[in-house]
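Keeping their order, the protein sequence lines are chains L and C. If you count the first sequence from 1, position 46 lands on 45 in numbering that gives the first Met the number 0, and the numbers rise without skipping. If you count the second sequence from 1, position 57 lands on 56 in numbering that gives the first Met the number 0, and the numbers rise without skipping. Each remark here refers to the structure printed beneath this line.
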Amino acid sequence: MSEVVKFGRPKGFFETFERRPGSIKKNMSYCPGCGHGVLHKLIAEAIADFGIQDKTTLISPVGCSVFAYFYFDCFGLQVPHGRSAAAATGLTRANPESIVIGYQGDGDLAAIGFNAFIQAANRGENYCVFFVNNAIYGMTGGQMAPTSLLGQKTTTSPYGRNALTEGYPLKVCEMVSQLEAPVYVERVALTSPANILKARKAVRKAIKISMEKKGFAFVEVLSGCPVNLKLKPADMDKFIEENMTKYFPLGVFKDVADEREPVKRATPVYDRAKVEETLYRAMPGGNEAHESLESPLFDRELRVKIGGFGGQGVLSLGLILAAMGKYRNLNVSWLPSYGPEMRGGTANCAVILNKGAIGSPIVDSNCDLLVVLNRPSLDKYLPELGENGVLMYDSSTIKDAPKVKPGQKAIAISAGDIAEEFGNLKCANAVMLGAIGAVLTKYYLTPADAAKFQETAEAAIAECFAGKDKIVAMNAEACKLGYTKMQNAQS
Amino acid sequence: MEYSNKLLLKGNEAVVYGALLAGCDCFFGYPITPASEIAQTAAEKFPLLGRTFLQAECETASINMVMGASAAGRRVMTASSGLGISLKQEGVSYIATMELPCVIIDVMRGGPGLGNIAPEQSDYNQITKGGGHGGYKVIVLAPGSAQEMCDFAGLAFDLADQYRSPVYLLTDGVVGQMLESVTLPAPRPRRESPEWALDFKVNPRTNYLTSIYMEPADLEKVNIHLNEKYARIEENEQRCEEYLADDAEFIISGFGICGRVIRTAAERLREEGIRAGVIRPLTLFPFPKKAFRKHAEHAKSFVSVELNNGQMIDDIRLAIECSRPVSLVNRMGGNLVTVDDVVRHVRKLAKGGN
Ligand SMILES: Cc1ncc(C[n+]2csc(CCOP(=O)(O)OP(=O)(O)O)c2C)c(N)n1
Ligand code: SF4
Ligand SMILES: [Mg+2]
Numbered sequence: 000m001s002e003v004v005k006f007g008r009p010k011g012f013f014e015t016f017e018r019r020p021g022s023i024k025k026n027m028s029y030c031p032g033c034g035h036g037v038l039h040k041l042i043a044e045a046i047a048d049f050g051i052q053d054k055t056t057l058i059s060p061v062g063c064s065v066f067a068y069f070y071f072d073c074f075g076l077q078v079p080h081g082r083s084a085a086a087a088t089g090l091t092r093a094n095p096e097s098i099v100i101g102y103q104g105d106g107d108l109a110a111i112g113f114n115a116f117i118q119a120a121n122r123g124e125n126y127c128v129f130f131v132n133n134a135i136y137g138m139t140g141g142q143m144a145p146t147s148l149l150g151q152k153t154t155t156s157p158y159g160r161n162a163l164t165e166g167y168p169l170k171v172c173e174m175v176s177q178l179e180a181p182v183y184v185e186r187v188a189l190t191s192p193a194n195i196l197k198a199r200k201a202v203r204k205a206i207k208i209s210m211e212k213k214g215f216a217f218v219e220v221l222s223g224c225p226v227n228l229k230l231k232p233a234d235m236d237k238f239i240e241e242n243m244t245k246y247f248p249l250g251v252f253k254d255v256a257d258e259r260e261p262v263k264r265a266t267p268v269y270d271r272a273k274v275e276e277t278l279y280r281a282m283p284g285g286n287e288a289h290e291s292l293e294s295p296l297f298d299r300e301l302r303v304k305i306g307g308f309g310g311q312g313v314l315s316l317g318l319i320l321a322a323m324g325k326y327r328n329l330n331v332s333w334l335p336s337y338g339p340e341m342r343g344g345t346a347n348c349a350v351i352l353n354k355g356a357i358g359s360p361i362v363d364s365n366c367d368l369l370v371v372l373n374r375p376s377l378d379k380y381l382p383e384l385g386e387n388g389v390l391m392y393d394s395s396t397i398k399d400a401p402k403v404k405p406g407q408k409a410i411a412i413s414a415g416d417i418a419e420e421f422g423n424l425k426c427a428n429a430v431m432l433g434a435i436g437a438v439l440t441k442y443y444l445t446p447a448d449a450a451k452f453q454e455t456a457e458a459a460i461a462e463c464f465a466g467k468d469k470i471v472a473m474n475a476e477a478c479k480l481g482y483t484k485m486q487n488a489q490s
Numbered sequence: 000m001e002y003s004n005k006l007l008l009k010g011n012e013a014v015v016y017g018a019l020l021a022g023c024d025c026f027f028g029y030p031i032t033p034a035s036e037i038a039q040t041a042a043e044k045f046p047l048l049g050r051t052f053l054q055a056e057c058e059t060a061s062i063n064m065v066m067g068a069s070a071a072g073r074r075v076m077t078a079s080s081g082l083g084i085s086l087k088q089e090g091v092s093y094i095a096t097m098e099l100p101c102v103i104i105d106v107m108r109g110g111p112g113l114g115n116i117a118p119e120q121s122d123y124n125q126i127t128k129g130g131g132h133g134g135y136k137v138i139v140l141a142p143g144s145a146q147e148m149c150d151f152a153g154l155a156f157d158l159a160d161q162y163r164s165p166v167y168l169l170t171d172g173v174v175g176q177m178l179e180s181v182t183l184p185a186p187r188p189r190r191e192s193p194e195w196a197l198d199f200k201v202n203p204r205t206n207y208l209t210s211i212y213m214e215p216a217d218l219e220k221v222n223i224h225l226n227e228k229y230a231r232i233e234e235n236e237q238r239c240e241e242y243l244a245d246d247a248e249f250i251i252s253g254f255g256i257c258g259r260v261i262r263t264a265a266e267r268l269r270e271e272g273i274r275a276g277v278i279r280p281l282t283l284f285p286f287p288k289k290a291f292r293k294h295a296e297h298a299k300s301f302v303s304v305e306l307n308n309g310q311m312i313d314d315i316r317l318a319i320e321c322s323r324p325v326s327l328v329n330r331m332g333g334n335l336v337t338v339d340d341v342v343r344h345v346r347k348l349a350k351g352g353n
């Protein structure tokens, strides 16, 4: 191998290695007979010949080629051990116009980085990977690699790799070529001049595929590490050709480059109008549609708790109330039961409405309006009702009238029954919402605010079930019904 | 059509809106409760604006995707919770060393181990002291509402650029899951790739990014440079909200959901005639030492309210150089500290108890 490394320094390398600290600026740090240097030359020559240096980022792994960025005259990124494929994904997704070259050793790619690698391959990320299989961990002093051969003695397999304990050498080309996405998969070796020529062709083909944005291209390179395999450079080639290629046969495993269309990625949109259209809420009247409330009820914080079985619409009733508050320019918070409380099939949420800043969003005392749709919630939350608090309960599930303290009100509405009659039990929460409106109208709201109740409720329902027109209409109807029924009951 | 920028959003949704409006280009994440709505909202909204959303295969991958996208000169974000945040730490250390800007959200859940999905604040020490290997720091913001989740996303990107540093939004499951009214800011134009970025459209190919310095002298220089930056951050970026603090005898402190609980508690204590006030840190690194020191001049006693085993309390003690007693009101395992818990504790302090 030593004689074939002789051709001159290709243009894709720096003239002097300014990125390399210290005084040695002309030489690479690889051992004599090391495959890395040869593969570097093939890649450097290709990026120069293709005129893509300005656009190319080469990702240096952790391993003997950790300093690859010293040498390549292009953008350089050095990444954590095994994370090359993830970093490459980030680069190419963020900037689809750039050309990204991954360069990894066998420990880096096939051990610590295998998941990142195989996932990037499977997604068909648009970049190419050169995989240096030297059957050893070079940098750390000759430990066993996932690609070390059976019987191969390394510093961590001193008795020779044993399939029973260490498993078999990992056949990466064989695996990756089974996936749908990869475009091109070939295994080459850096031994005879003929093999190096093949490797050169493979390197150029893989880079071309990246330039054409056709997706994921992969070249495994059987490569020498004479130092750690304790072989003379001349015997190194023999080892690769006689031992490694038996288990890791050379050749093209997959090539669908001609059939593939270029990968297309979206262009980020920053146009102000388009961004607003996407993230803001379409609403006739815009922000002006939010009108403030006059009723003195809202001069202080209002604390609401709603409890019931999961599926009774407890959370969405809270959401609708919160949305209504937002429409009337209040600060609102909605906190669903969450974590340990969720167990046992009961759900609850706390809603706070406040003209000023809301402190704790948790309602566990001083509750102004408690709405319960089942018995367990009544028992659990009634002690939290404040001095002049209002309890509203579904009398279709809670039969005996609960006892409340003097000053507190307990108001029944058979929300479940009414909803069933209406044709959908799921609307019990909307019936309850209407009933709340009637109670507020009777006791608390100014006529002007009361007149807006149904309109605000409908806007809130539309917001909470956005895009589901039928459900919106049905709930608005049920809300009206609940309002009328409660009004009749109260008069 | 007219548009309203007033929305009802969960904290986890608001942060995505805030990021997009601040010009975030890419999101890489992996699902985990109670942070999943961030990835879900990003999955929905990013593609609508031609931006990149990708569900990574794991948190290790997602943080390295963040590294790649940041290196490419783009605004990029990721989000997770506790255990997922632990997995990201290797990458964050590299990112901090290469001085790449990015935004990371940690919606904390119960720990240690697999813990549970209920709210906790037990990643405080991990994140505010750096989080991964080596002596680096990250800027840590502490949003306590959906509005702040939105606004701090924008602030985080700006600080990340200004200091070339990862910036965390460290919050808890309650703030992530809670829905509140949010007023969205105006959209910002795309931020141009910085001069160090590996972006061929604006920069020469001489740019490279690395975090390996084999010569101890070189690596020491890098560390000195980073620590000078952290000193600048400590000097310039301390932020907190002070409430009823100016004449307070008792300063109560907490962030995230606790920052909300203590606000209500202080109001209640004032009604009882107990002079309680609040310092709510908005930055956890840098810790708002100046505010604590200032109020240590008049406050008798400090209280740290936390959903963990008592972590921020050490920073309060350091900030006031142990010049006043600092006591802890805490819950763990996903339980919340209530307003009553805090009120009872301070009442006892006011009566001369401990
Ligand atoms: C997280 C982590 N674990 C372990 C290491 C130590 N390490 C450095 S290089 C290496 C193996 C590299 O072997 P390979 O990828 O085959 O590259 P080669 O040196 O053979 O080219 C290891 C384990 C590291 N840098 N990072
Ligand atoms: S140790 Fe092996 S892989 Fe590393 S530079 Fe030397 S020969 Fe190459
Ligand atoms: Mg190797």
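Glycine residues also receive a C-beta, built at the ideal position from the N, C-alpha and C atoms.
Suppose the cutoff is 6 Å on Cβ atoms and the five residues either side in sequence are ignored; what does the same chain contact list for residue i look like?
i: Phe151/C; result: Leu140, Pro142 and Leu168
i: Glu260/L; result: none
i: Lys408/L; result: Val389
i: Gly133/C; result: Ser92
i: Ala42/C; result: Phe52
i: Glu457/L; result: Ala475
i: Ser59/L; result: Val65, Ala67, Tyr68 and Gln77
i: Asp340/C; result: Val328
For residue i, count the other beta carbons within 10 Å of its own beta carbon; 16 or more makes it buried, fewer makes it exposed. Which is it?
i: Leu444/L; result: buried
i: Asp246/C; result: exposed
i: Leu148/L; result: buried
i: Tyr126/L; result: buried
i: Lys469/L; result: exposed
i: Asp399/L; result: exposed
i: Cys348/L; result: buried
i: Lys87/C; result: buried
At the level of alpha carbons, what is the spacing between residue i and residue j?
i: Glu275/L; j: His224/C; result: 41 Å
i: Pro30/C; j: Ser79/C; result: 7 Å
i: Gly34/L; j: Asp105/L; result: 13 Å
i: Ala45/L; j: Val220/L; result: 16 Å
i: Asn115/C; j: Arg92/L; result: 34 Å
i: Tyr70/L; j: Asn63/C; result: 23 Å
i: Gln453/L; j: Glu290/L; result: 14 Å
i: Gly137/L; j: Cys224/L; result: 7 Å
i: Asn114/L; j: Glu56/C; result: 8 Å
i: Val268/L; j: Met282/L; result: 22 Å
i: Arg187/C; j: Ala155/C; result: 14 Å
i: Ala349/C; j: Ala275/C; result: 10 Å
i: Glu305/C; j: Cys23/C; result: 31 Å
i: Pro165/C; j: Val350/L; result: 35 Å
i: Thr56/L; j: Glu96/L; result: 11 Å
i: Gly101/L; j: Met27/L; result: 19 Å
So residue i and residue j are in contact, right, with Cβ under 8 Å, and what is the actual spacing, rounded?
i: Asn330/L; j: Gly355/L; result: 7 Å
i: Val262/L; j: Lys204/L; result: Wrong, their Cβ atoms sit about 17 Å apart, outside the cutoff.
i: Leu38/L; j: Leu189/L; result: 6 Å
For residue i, collect the residues of the same chain with a Cβ closer than 8 Å to its Cβ; drop the 5 residues on either side in sequence, then sort them by chain order.
i: Glu2/L; result: Low confidence applies to Glu2/L: its pLDDT is 35, below 50, so where it sits in the model is not reliable, and the reading given next is rough at best. Here the set comprises nothing.
Between which residues of its own chain and residue i is the CB-CB distance below 7 Å, once the five residues before and five after are set aside?
i: Lys288/C; result: Gln237 and Ala318
i: Gln486/L; result: Ala437
i: Phe49/L; result: Ile206 and Met210
i: Tyr16/C; result: Leu8, Cys149 and Leu183
i: Pro339/L; result: Low confidence applies here, because Pro339/L scores a pLDDT of 44, under 50, leaving its location unreliable; read the following figure in that light. Excluding residues within five positions, none has a Cβ falling inside 7 Å.
Among all the DSSP beta bridges, which residues are the ones paired with residue i?
i: Gly109/C; result: Asn115/C
i: Met391/L; result: Val370/L and Ile410/L
Given the structure, does residue i come close to ligand 4, in the sense that its CB is under 7 Å from one of the ligand's heavy atoms?
i: Gly106/L; result: The model on display carries ligand 1, ligand 2 and ligand 3 but not ligand 4.
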